[in-house]
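Participant: Following this message is one structure expressed as structure tokens.
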Amino acid sequence: MKTLEYTFTAPSSDIQHDMLTTMLAEIGFDSFMDEDYTLRAYCSADCRDDGAVENVLLDPAFADIRLLKVEEMPDKDWNELWEASYQPVVVNKRCRVRAPFHEADPSFEFDLVIEPKMSFGTANHETTAQIIQLMLETDFRGKRVLDMGSGTAVLAILAKKLGAARTVAIDNDEWAYRNAFTNCELNGISDIKIVLGDALAIKGQFDVVLANINRNILLRDMHYYVEAMSSNAHIFFSGFYTEDLPSIQVEAERLGLHYNRFLSRNNWVAAEFFK
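Residue numbers (this note's numbering): 570 to 844.
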């Protein structure tokens with residue numbers, strides 16, 4: 570499979586960098602490389618969508634970012650190169666998220682294996698790690714759980730490990746959808762329902778909803794999540810910045826949710842509400 574390298578001018582801040590790479594990942598880019606004056610982003614040739622890239626750069630937050638060039642790269646084992654720099658993530662000393670090429674460590678209560686295929690949700694990003702932290706402080710025993718925008722399905726897998734009775738993982742990205750089956754198998758889990766789709770694919774009622782997506786989609790689709798929440802259900806939001814929390818809270822409360830708490834790291838937020 571041919572790989573394309575897109576070279577952009579370097580983001581001017583960590584926040585701008587995280588926002589840009591997150592949005593590029595959502596349209597098919599699967600790895601990134603930082604240099605002094607540029608950001609290089611990689612995707613397979615069959616995922617190329619220059620129109621989508623142009624739309625990302627139209628965001629006012631990227632007014633100073635320019636696409637410099639697009640080149641076809643020589644054949645390499647890109648996954649092998651990425652694996653060389655991939656490190657396990659430990660949350661609250663209880664949960665470790667690792668790749669299959671890392672040795673198992675039974676000292677952790679939860680030692681999750683996630684194939685690093687660049688689906689969003691390896692716990693290397695603050696949003697995923699913070700939701701995991703909130704989950705570890707929540708009782709999932711016997712609960713019905715929806716993982717919306719599930720990516721690798723790491724959150725759905727952890728929910729099952731924490732005792733969830735029924736778990737559904739939904740993502741509209743076909744790569745993530747396929748990767749979720751792989752990761753369930755790696756963790757010895759066979760009863761997570763994995764769905765390819767968006768918020769319209771939600772069926773049934775849930776006691777816990779996990780929504781690690783981004784601000785715009787959360788605000789657009791939040792009413793679907795709330796409709797699927799049972800009485801006294803909890804919802805965990807992430808994928809947005811500290812300055813976005815007020816708008817998330819306003820919409821959540823308009824829909825009848827009550828704010829409980831939030832975590833913040835490097836300006837990324839995970840927040841909990843209940844119905």
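Note that beta-carbon positions come from the ideal geometry of N, C-alpha and C, so glycine has one too.
For the region 728-735 against the region 793-812, do three or more pairs of beta-carbon atoms, one drawn from each stretch, fall closer than 8 angstroms, so that the two count as touching?
Facilitator: No: the two stretches stay apart, fewer than three of their Cβ pairs being nearer than 8 angstroms.
Participant: Tell me whether S688 is buried or exposed, calling it buried when 16 or more other Cβ atoms sit within 10 Å of its Cβ.
Facilitator: Note that S688 has pLDDT 49, beneath the 50 cutoff, so the model's placement of it is unreliable and no number is given.
Participant: My guess is that R663 and F679 are in contact by the Cβ rule of under 8 angstroms, so how many angstroms apart are they, rounded?
Facilitator: Going by Cβ atoms, the distance from R663 to F679 rounds to 6 angstroms, so yes, they are a contact pair.
Participant: With DSSP run on the structure shown, which of helix, strand or coil describes S816?
Facilitator: Of the three classes helix, strand and coil, the one that applies to S816 here is helix, per DSSP.
Participant: What span of residues does the alpha helix (DSSP H) with S836 cover, start to end?
Facilitator: Correcting the residue type first, residue 836 is Asn in the shown sequence and not Ser. No alpha helix (DSSP H) holds N836; DSSP gives it neither H nor E.
Participant: Please list the terminal residues of the continuous beta strand (DSSP E) segment that includes L608.
Facilitator: First-last of the beta strand (DSSP E) with L608: T607 to S613.
Participant: For a minimum of 4 consecutive residues, which ranges assigned as the alpha helix (DSSP H) are wholly contained in the region 657-729?
Facilitator: Whole alpha helix (DSSP H) segments, 4+ residues: 695-705.
Participant: Report yes if the C-beta distance between S719 and A698 is below 8 angstroms; otherwise report no.
Facilitator: No. Outside cutoff.
Participant: Please report whether the beta-carbon of R834 lies at a distance below 8 angstroms from any beta-carbon of chain B.
Facilitator: In summary, chain B is missing from the structure at hand, where a single protein chain is found.
Participant: Could you give the DSSP three-state label for A780: helix, strand or coil?
Facilitator: Note: A780 maps to strand in three-state DSSP.
Participant: Could you give the uninterrupted runs of the alpha helix (DSSP H) lying entirely in the region 728-801, keeping only those of 4 residues or more?
Facilitator: Listed in chain order, they are 743-755 and 784-796.
Participant: Of all the options R789, Q702 and E623, which has the alpha carbon lying nearest to the alpha carbon of L769?
Facilitator: Looking at the Cα atoms, R789 is the closest of the given residues.
Participant: Classify E604 as helix, strand or coil using the three-state DSSP reduction.
Facilitator: If DSSP states are grouped into helix, strand and coil, E604 belongs with coil.
Participant: Using only alpha-carbon positions, find the residue among T721, I739 and T696 that is nearest to V714.
Facilitator: Considering only alpha carbons, the answer is I739.
Participant: If you drop the 5 nearest sequence neighbours on each side, which residues of the same chain put their C-beta closer than 7 angstroms to that of I634?
Facilitator: Closer than 7 angstroms at the Cβ level, and outside the excluded window around I634, lie F577, T578, P580, L589 and L626.
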